[in-house]
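Participant: I'd like to ask you about the structure that follows.
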Amino acid sequence: MHNERFLNYLTYERRFSKHTAVAYKLELERFESFLEEQKMPVHQVDYRTLRYYISLQTELGKASSSVNRTISVVKSFFKFLVREGVLSQNPASALKSLRTPKKLPTIVDKEKLVSLLDQEDHDELTFRQRRDLLVMELLFGTGIRLAELLTITDADIDSYSRQIRIIGKRNKERLIPIHDMLYDQIVSYQAEKKSVILQNMSTHLIVTNKGKPAYASMIYQIVKKYLTTITSQSKRSPHVLRHSFATSLLDNGADLNAIKEILGHAGLVTTQVYTHNSAERLKLIYKQAHPKA
Numbered sequence: 001m002h003n004e005r006f007l008n009y010l011t012y013e014r015r016f017s018k019h020t021a022v023a024y025k026l027e028l029e030r031f032e033s034f035l036e037e038q039k040m041p042v043h044q045v046d047y048r049t050l051r052y053y054i055s056l057q058t059e060l061g062k063a064s065s066s067v068n069r070t071i072s073v074v075k076s077f078f079k080f081l082v083r084e085g086v087l088s089q090n091p092a093s094a095l096k097s098l099r100t101p102k103k104l105p106t107i108v109d110k111e112k113l114v115s116l117l118d119q120e121d122h123d124e125l126t127f128r129q130r131r132d133l134l135v136m137e138l139l140f141g142t143g144i145r146l147a148e149l150l151t152i153t154d155a156d157i158d159s160y161s162r163q164i165r166i167i168g169k170r171n172k173e174r175l176i177p178i179h180d181m182l183y184d185q186i187v188s189y190q191a192e193k194k195s196v197i198l199q200n201m202s203t204h205l206i207v208t209n210k211g212k213p214a215y216a217s218m219i220y221q222i223v224k225k226y227l228t229t230i231t232s233q234s235k236r237s238p239h240v241l242r243h244s245f246a247t248s249l250l251d252n253g254a255d256l257n258a259i260k261e262i263l264g265h266a267g268l269v270t271t272q273v274y275t276h277n278s279a280e281r282l283k284l285i286y287k288q289a290h291p292k293a
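Reading the sequence shown from the start, the letters are residues 1 to 293 in the UniProt record's numbering.
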């Protein structure tokens, strides 16, 4: 009962994405199973019980990032129970996140990616090919998240100012500029969409072959199909294109604060991870190019 109310709170008040809400739901179900095994109602849970539960996650071999997600969910859940008056004190308030090693964002070679996308003959494309190419161009050309791509409607494209209206995390709105070539691709795709799908078409920009709103696994398949032709790395997801976009901007001298605004980051600390990527790339270029390196 408490779980359901908490998930509704995340979805309708906190405006969590569907993907995040599902992740929270799975974490809560694991925690609920643990309490059932311990024969412990939620109002009897104390800090020691929670520390034991977290230690079990570590013993199972979970990565620090996964354990930290568990901690975050548990803390949010008990904070909600206090807010709702179910509990008078929050036993999870003192839980601390584990230290995690910083990982550089995975990117793809931008020259290979640009070459791949530019080799398509737009005049000969089918509707499906034109849509798939636009998905790649949007992700790499704007740095938007997968969830943001899925929410874009035709009305969000501003033809006058060449901008796209994006609804990001926590329902925060931002405008992202697009270059003329990408805008032309959007217009061409929209025209093709109207001529191919004659009825029951969604107002979402990216749709299935039958005109229904696109879904996450469909976008993953499109991105993987393209990236497989230019890289053998294990990570070939939409987020890799977001990382590649940000790194390309930084490599070409873009201001870090501007990149932060385009990506929709809440704080500059998140954006600064890309400076490490650029530094590593510069080191590699130096070693390859300098005669004494």
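Cβ atoms here follow ideal geometry from the backbone N, Cα and C, with glycine treated the same way. None of these values were measured; they are calculated from a predicted model.
Look at methionine 201 and glycine 211 and say whether their C-beta atoms are less than 8 Å apart.
Facilitator: yes
Participant: With distances taken from CA atoms, which of Arg170, Asn171, Leu146 and Ile176 is nearest isoleucine 157?
Facilitator: It is Ile176 whose Cα lies nearest to the Cα of isoleucine 157.
Participant: Taking 6 Å as the limit between beta carbons, can you name the residues of its chain near leucine 81, skipping five residues before and five after?
Facilitator: Excluding five sequence positions before and after leucine 81, the CB atoms of its chain that fall closer than 6 Å to its own CB belong to Leu87, given in chain order.
Participant: Helix, strand or coil for proline 213, going by three-state DSSP, please let me know.
Facilitator: strand
Participant: Under 8 Å Cβ to Cβ from arginine 242, same chain only, skipping five residues before and after it: list those, please.
Facilitator: Leu139, Gly143, Ile144, Arg145 and Leu263
Participant: What are the start and end residues of each continuous beta strand (DSSP E) run of 3 or more residues lying completely inside the segment 79 to 125, in chain order?
Facilitator: none
Participant: Measure the beta-carbon distance from glutamate 73 to glutamine 57 and round it to whole angstroms, keeping in mind my assumption that it falls under 8 Å.
Facilitator: For the record, residue 73 in the displayed sequence is valine; it is not glutamate. With a Cβ gap of about 11 Å, valine 73 and glutamine 57 do not count as contacting.
Participant: Under the three-state reduction of DSSP, which class applies to histidine 204: helix, strand or coil?
Facilitator: The three-state secondary structure of histidine 204, taken from DSSP, is strand.
Participant: So, using beta-carbon positions, are tyrosine 189 and leucine 116 closer together than 8 Å?
Facilitator: Going by C-beta atoms, tyrosine 189 is not nearer than 8 Å to leucine 116.
Participant: Would you say phenylalanine 245 and lysine 193 are within 8 Å of each other, going by their C-beta atoms?
Facilitator: no
Participant: Candidates Ile166, Asn171, Lys172 and Arg170: which alpha carbon is nearest isoleucine 178's?
Facilitator: Ile166
Participant: Tell me which same chain residues have a C-beta within less than 8 Å of the C-beta of leucine 150, skipping the five on either side of it?
Facilitator: His204, Ile206, Pro213, Ala214, Tyr215, Ala216 and Ile219
Participant: Quick check on DSSP: helix, strand or coil for proline 41?
Facilitator: coil
Participant: I'd like to check one pair, alanine 21 with leucine 28: are the Cβ atoms closer than 8 Å?
Facilitator: no
Participant: If you reduce the DSSP assignment to three classes, tell me which class glutamine 272 lands in.
Facilitator: coil
Participant: Measure the alpha-carbon distance for valine 108 versus serine 97 and round it to whole angstroms.
Facilitator: 31 Å
Participant: Using alpha carbons as the reference points, say which of Thr247, Phe16, Asn252 and Val269 lies closest to threonine 106.
Facilitator: Thr247
Participant: Considering only their Cβ atoms, is the gap separating alanine 94 from tyrosine 53 smaller than 8 Å?
Facilitator: no
Participant: Grab the span of the alpha helix (DSSP H) containing glutamine 190 for me, first residue to last.
Facilitator: 180 to 196
Participant: By DSSP's criteria, isoleucine 54 is part of a beta bridge. Which residues make up the other side?
Facilitator: Answer by DSSP bridge pairing: none, since isoleucine 54 is not bridged.
Participant: With leucine 175 as the anchor, note down where its beta strand (DSSP E) starts and where it stops.
Facilitator: 173 to 177
Participant: So the alpha helix (DSSP H) glutamine 129 belongs to, where does it begin and stop?
Facilitator: That run of the alpha helix (DSSP H) goes 127 to 142.
Participant: Among residues of its own chain, excluding the 5 on either side of lysine 112, which ones have a beta-carbon nearer than 6 Å to its beta-carbon?
Facilitator: Ile230
Participant: Under the three-state reduction of DSSP, which class applies to isoleucine 167: helix, strand or coil?
Facilitator: DSSP places isoleucine 167 in strand when its eight states are reduced to three.
Participant: Cα-Cα, which of Thr270, Glu124, Arg174 and Tyr274 is closest to alanine 254?
Facilitator: Tyr274
Participant: Is aspartate 154 helix, strand or coil when you go by DSSP?
Facilitator: helix
Participant: Starting from the C-beta of arginine 162, find all residues in its chain whose C-beta is less than 8 Å away, skip the five residues before and the five after it, and write them out in chain order.
Facilitator: Pro177, Ile178, His179, Asp180 and Tyr183
Participant: Could you tell me the boundaries of the alpha helix (DSSP H) in which threonine 247 lies?
Facilitator: 238 to 251
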